[in-house]
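Colleague: In the numbering used here, the protein residues as written are 12 to 943.
If you scroll down you'll find the structure; I have some questions about it.
What follows is the structure in structure tokens.
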């Protein structure tokens, strides 16, 4: 919540008498210093992370109350939230408390400026917009970073204060852990208080957060003198020293327990003298109040029932909702509230809400419920929470606490709640709901569909879970309906491929296609089989598969199906894997499947096949253009469409890139980045878009821009985990770029650090991994190792039928590696490389092959080859290759007048490309020519 003067929770008085907190001076002073640094002169204020830790009852909330007051007095915008023990399974609960009030109060103009393009992504997570389609969790976190940064810029300085962080929901905790890294960069103070009671799955985040703290304070129990001050402030100065000392011994110096014990002493009218100390331990046990008998004796059965209902609602209790849950009318509920406030159980907050005076009290009340009563009240709370308009996102946490009973209505609610969780970027919460739905259990005929939904919920975040759950769904005896089964097989194959098991992905599709009756579902599986097989780095029958793909394309042209693709914007009639899903819910978002969609997919696959085989680019480009509709991706191949995934538009763009059609490639890759950013897909999808854009920039000679995009891709790949295909691609492309920029040691270290080398993944890498590894070996002076690696790479690629000299220029580099010992063989290899490049009809391929070939010939012949290479490359977009060829040509021409012209042009182009080492070489050769 954003607030003025904060409400003070009951333990805010723990350890306090006369307005002073005992033994917390250092902690308060540290907070004052942090606030002072934050609110320095304009432009000088800086933020930091301040953390208070300690056991329950030591006064963390009391300290935070002082921090909130100090920040407010200093003119800060204060955002406050509190984790709740009962609300740990409510996604973004803490985030919503922090930002919802201040964001909801923005004017339309301010809202546009603060949210930017992120409103549709962040809005559902913070409760300002209804849930929409499935969101990538990382995209939501990135959007929250953007919104909070804008908010800080518009309302500086900002103090973000979170109490009871150990009970924060995982989604909020994950975002806070990332945002803490930026605290020093912004006029934002982040203040956290927590116990050392984080769940096991949050320990890494806990360590990361606490490790970043610029100021960290662990609160300790009070010393005897401070406890004596509290005793005498509560019971009078006549309290004897022995009595005070015994209070300290019984409570261990815990401020909350001391205050609670003193309240019991006062209620019992016990004299604070030494003779009374024998009763303190029993009173202290009662004061902790962990039993039903204690609460019944203290507040009576009616108030106890209201307290039970309140304990289920967490940190922000609506009195009317608590009353409905415990079936109390307005008068009875009002009396219960009065009793609970009088006995120090509940306190009021701004806005007419209630909260427990301390989390220990809330825990005590909740745990005092008999198990059957607790379960039943959670069931009532689930219904009444939804009836109160709080939605399934809130009600679902109550459903998780009910006992399985085979109730189909509960299963339906849990499935709808899971969809809403996915729509705010909370897949783990969705999975909790779906696992609970499985245990209900669902009807036999629905079980497979629930397992399918459980598998799909983890597709963007946990491919291994997706594989396991989808296999269970597919093996279920009642099974999925045919359309959903096809989609499940495709998603299973995607998850396998993204886990570096692309061979299994292709096999799964082929096996299922063989079992599927003729029709659109089988055709989709056939195409999916060809797609995943196309990404295998090794294939014993690569040429045969290419022929079968061509035959399949011809067959498809003769199939008359009543399906049509209406283009990028219009509606499409669905056939399989789309439309209405089980339980009346929407099927996988973005799915489009129709006859023309099949034709477009096959055209892309054939284009890619021809590109890798080194066929003439005109053949490939005819197919590429046939896959577009009016120059744009058809709806069936859209970047966010789930029918085929991002792989098909990706390889279409790379085919254009390798054919020197960088205009088309740039249009596609720019659209990819925009589509994923707008959709909030900030994980592997956006990483792949950055990779493609980096490859494009590299090909065009914009090496600095290429490095930037490839580093972005690598950062996103590292979030997903090592060994995934994107990680291999990003490391390889970045290493190639760093070497081109003249930073070979950095490129080699990058490859070493990320284990870029054998054994290679089963999925093809962009650029070809064995070829690039061989080039790196050659660059560091290991010619024999490079020759062996490149020869093995070439043998595997030739067996696969892949002869593209741009993606895998192994021939030219192998020629350089063997030239010192086998000059004749080197020239033969170089000539073969040129022949293959000429067959492709691509200027950049021919120019690069000629340039590499020149390195294994004598100077006159090298000059001839380089002159031709320059002619080809100046017609191509490959400016970096052009720059190398010009410098090589200048060196080969020696003292000839044309040498200086070539070197000067090469120097200018190398400088423009950001190829620093090449520019330095050209400059050195020019200087030598001028002084020679």
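Note that the Cβ used here is the ideal one computed from N, Cα and C, for glycine as well.
Values in this document were obtained by computation on a predicted structure and should not be read as measured data.
(1) Determine, using beta carbons only, whether residue 495 and residue 460 come nearer to each other than 9 Å.
(2) Would you check if there are 3 or more beta carbon pairs closer than 8 Å linking the region 907-917 to the region 731-749?
(3) Here's the rule I'm using: 16 or more other beta-carbon atoms within 10 Å means buried, otherwise exposed. How should residue 820 be labelled?
(4) Measure the alpha-carbon distance for residue 94 versus residue 325 and round it to whole angstroms.
(5) Using only the alpha-carbon positions, how far apart do residue 882 and residue 857 sit?
(6) Consult DSSP for residue 191 and reduce its assignment to one of helix, strand or coil.
(7) From residue 622 to residue 140, what distance separates their C-alpha atoms?
(8) Inspect the beta-carbon positions of residue 337 and residue 388 and report whether they are closer than 9 Å.
(9) Please name the residue or residues paired with residue 868 in a DSSP beta bridge.
(10) Below 8 Å, how does it come out for the region 279-289 and the region 244-259: are there three or more Cβ pairs, yes or no?
(11) For residue 565, count the other beta carbons within 10 Å of its own beta carbon; 16 or more makes it buried, fewer makes it exposed. Which is it?
(12) Are there 16 or more other CB atoms within 10 angstroms of the CB of residue 230, so buried, or fewer, so exposed?
(13) Should residue 386 go down as buried or exposed, given a rule of 16 or more other Cβ atoms within 10 Å for buried?
(14) Ordered along the chain, which non-local residues of its own chain (more than five positions away) have a Cβ less than 7 Å from that of residue 895?
(15) Nearest to residue 292 by CA position, among 310, 377, 304 and 271, is which residue?
(16) Which first and last residues belong to the beta strand (DSSP E) in which residue 226 is found?
(17) For residue 337, which three-state DSSP category applies?
(18) Over what stretch of residues does the beta strand (DSSP E) that includes residue 205 continue unbroken?
(19) Would DSSP call residue 546 helix, strand or coil?
(20) Leaving out five residues before and five after residue 731 in sequence, what residues of the same chain have Cβ atoms less than 6 Å from its Cβ?
(21) Mapping DSSP to helix, strand and coil, what is residue 31?
(22) Report yes if the CB atom of residue 322 is closer than 9 Å to the CB atom of residue 376, and no otherwise.
(23) What three-state label does DSSP hand residue 137 in the structure shown?
(24) Which same chain residues, not among the five before or five after residue 560, have their C-beta less than 7 Å away from its C-beta?
(25) Could you give the distance in angstroms between the alpha-carbon of residue 505 and the alpha-carbon of residue 126?
(26) Could you check which residue in 213, 210 and 174 has the C-alpha nearest to that of residue 201?
(27) Quick check on the DSSP output: the alpha helix (DSSP H) that includes residue 359 runs from which residue to which?
(28) For residue 64, list the residues DSSP reports as bridge partners.
(29) Which one or two residues does DSSP pair with residue 367 in a beta bridge?
(30) Roughly how many angstroms lie between the CA atoms of residue 576 and residue 725, to the nearest whole one?
(31) Below 6 Å CB to CB, which residues in the same chain sit around residue 327 once its five sequence neighbours on both sides are set aside?
(32) Give the DSSP-derived three-state secondary structure of residue 767 in the structure shown.
(33) Grab me the residues of residue 532's own chain with a C-beta within less than 7 Å of its C-beta, minus the 5 sequence neighbours each way, in chain order.
(34) For the alpha helix (DSSP H) containing residue 458, name the first residue and the last one.
(35) Express the C-alpha separation of residue 609 and residue 659 in angstroms, rounding to a whole number.
(36) Since residue 396 contacts residue 405 with CB under 8 Å, what's their CB separation in whole angstroms?
Modeller: In this structure, then:
(1) yes
(2) no
(3) buried
(4) 9 Å
(5) 10 Å
(6) helix
(7) 45 Å
(8) yes
(9) Paired residues: none, contrary to the question.
(10) yes
(11) exposed
(12) buried
(13) exposed
(14) 862 and 929
(15) 271
(16) 226-229
(17) coil
(18) 199-205
(19) coil
(20) 695
(21) strand
(22) yes
(23) coil
(24) 541, 616, 617 and 620
(25) 33 Å
(26) 174
(27) That residue, residue 359, is in no alpha helix (DSSP H); its beta strand (DSSP E) goes 357-360.
(28) 205 and 229
(29) 357
(30) Legend: pLDDT at residue 576 = 42, less than 50; position of this residue unreliable, value from coordinates given subsequently. Their backbone Cα atoms lie some 36 Å apart in a straight line.
(31) 364
(32) coil
(33) 493, 494, 497 and 587
(34) 455-468
(35) 12 Å
(36) 5 Å
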